[in-house]
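Heads up: the structure comes next, in structure tokens.
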């Protein structure tokens, strides 16, 4: 295998996050299932944004968050994702590059705004997300940069971006490119509701060339339609080379070659669960691409996740992440 320019290339939704700390009553008034990710249209996005007066904004997106965290941990990182030709798109590009992530996807020229995710954080630390896909949903085959993917040890795909049909085709092509270059492809299932919408499509993608699967307990059980985590974990281990499965405060397990590595959760005082899985994946992939053992990579993931949940917002402070590296 030739030398790599990047350790990780993420492909995902280029989103600007808008976050508000609120209570369960707000969720009830707006008919939001607590802890879920719901797709909304432009009108609903406008209405909810107005209702969330006092919130804070920052560039985000699940895999984009992972890329920013991985870069802070010392990985060489690139990101592919679509923004609109607007002010928010410029904000996203400027912020992700500021994290040290290579980002060169051209903005969409059609009059579709940059995507946004409206995040409600309740006092128990749970986050409820309402996502307007906007320009991010226009990511398509021609946006898959073969030069970048061929130069990346791992290409990491975001399950949230699987809703648009064009992105599904792009994912399959990205997996093909990575495999043709002798590289690995990873997939995050992202959300159990997302799995329910696209179970067959995810299974086809996994069969087509996913080497590393990231999922929490609810997601992997949804994928294999079972309520038994052990059964779901065994099925995942059958389908991919590395099954990396998280269980919140119960830690995580990594299954490879018929062996299971158990990782304890790092201690943390939960403030906001936003970005915990993103940070875990970043830590794991950083360790993995640097040649760490699975136990070491998983432990780095657990520590990064603990930093994420110990504060409000999806991305831990850069200095705190650098101290883990």
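Numbering (our numbering), first residue to last: 2 to 326.
The beta carbon of each residue, even a glycine, is placed where N, CA and C say it ideally should be.
The Cβ atoms of residue 65 and residue 80 lie closer than 7 Å to each other. With 16 or more other Cβ atoms inside 10 Å of its own Cβ, residue 159 counts as buried. Here the region 79-93 does not lie against the region 44-53, with fewer than 3 beta-carbon pairs under 8 Å apart. Within its own chain, the residues whose Cβ lies closer than 7 Å to the Cβ of residue 277, once the five positions on either side in sequence are excluded, are 306, 309, 310, listed in chain order.
Setting aside the 5 residues that flank it on each side, residue 25 is surrounded in the same chain by 35, 123, each with a C-beta closer than 8 Å to its C-beta; the list follows chain order. In this structure, the alpha-carbon of residue 202 lies about 14 Å from that of residue 214. Per DSSP, residue 281 is not a residue of any beta strand (DSSP E); the alpha helix (DSSP H) it occupies stretches across 277-290. With contacts defined as CB atoms closer than 7 Å, residue 121 and residue 23 qualify as a contacting pair. Contact between residue 225 and residue 233 holds: their C-beta atoms lie close to 5 Å from each other, under 8 Å.
Judged by DSSP secondary structure, residue 230 falls within the alpha helix (DSSP H) whose first and last residues are 230-240. Per DSSP, the continuous beta strand (DSSP E) segment holding residue 264 begins and ends at 260-264. Comparing alpha carbon positions, the residue from 129, 97, 77 closest to residue 29 is 129. Straight-line spacing of the CA atoms in residue 149 and residue 10 works out to 7 Å. Taking the Cα of residue 8 as reference, the smallest distance to any Cα among 287, 171, 239, 326 is reached at 287. Residue range 153-159 is occupied by the beta strand (DSSP E) that includes residue 159. Listed in chain order, the non-local C-beta contacts of residue 152 below 7 Å within the same chain comprise 5, 6, 7, local neighbours out to five positions each way being set aside. Residue 259 holds the alpha-carbon nearest to the alpha-carbon of residue 239 among 259, 37, 145. Linking residue 156 to residue 61 through their CA atoms gives a straight-line distance of about 18 Å. In the DSSP assignment, residue 39 is bridged to 131. The Cβ atoms of residue 322 and residue 74 lie closer than 7 Å to each other. Proximity to residue 46 across 174, 256, 135 peaks at 135, based on C-alpha coordinates. Per the coordinates, the alpha-carbon of residue 195 lies some 19 Å from the alpha-carbon of residue 186. The DSSP-derived three-state label of residue 249 is helix. Cβ neighbours of residue 294 within its own chain (closer than 6 Å, five residues either side excluded): none. Put simply, of 205, 178, 133 the residue whose alpha carbon is nearest the alpha carbon of residue 115 is 133.
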